[in-house]
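Just so we're aligned, residue 33 is where the sequence shown starts under this note's numbering, counting upward by one. Yeah, the Cβ is synthetic: ideal placement off N, Cα and C, and Gly gets one too. Here is the structure we will look at.
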Amino acid sequence: MSDTNIPQDYRQLRRQKGLNQQQFWSRVFVTQSGGSRYENERSVPAPVAELVRLRHQLGIDTSKITPANADLVRSLLAGDIDSAMLEATAQRCRLVMTALGNGASELLTLSGHISQVLGNSKEAQP
């Protein structure tokens, strides 16, 4: 998690984002009144500080972080995984999946044609 010993001006960050307190704090699961207290120098718990960092400083939609992908997110944030390489790999996977989907569609069409030919052949036989 981020170092919470470093003072953070949450009010300034919120204003830079052009958000009111409700908009800013609700995105990190904090009430407006709780956020107001944090903006007035009240100690911010480390998990809340980390959510603010992820959501408002790094632009990560924290609602998309799940137990299934949390380790990947941690590794990306720690720099253990090259995000550009990961994105390139994901793009290649999308292309492969598209090709497989197209191939499956073509096989289905071919299967239909074969069925028609076989069906027509059977009708032609006495």
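- Contact annotation: GLN40 and VAL62 have beta-carbon atoms that are not nearer than 9 Å.
- LEU45 and SER143 have their C-alpha atoms roughly 60 Å apart.
- Contact between the region 55-69 and the region 80-91 is established, with three or more Cβ pairs separated by less than 8 Å.
- A distance below 6 Å between beta-carbons, with the five flanking residues on each side excluded, links SER115 to the following residues of its chain, in chain order: LEU108.
- With a cutoff of 9 Å on beta-carbon distance, SER68 and GLN89 are scored as not near each other.
- For PHE56, the three-state secondary structure derived from DSSP is helix.
- In the structure shown, ASP112 falls within a coil segment according to DSSP collapsed to helix, strand and coil.
- The C-alpha of ASP103 is placed about 29 Å away from the C-alpha of LEU132.
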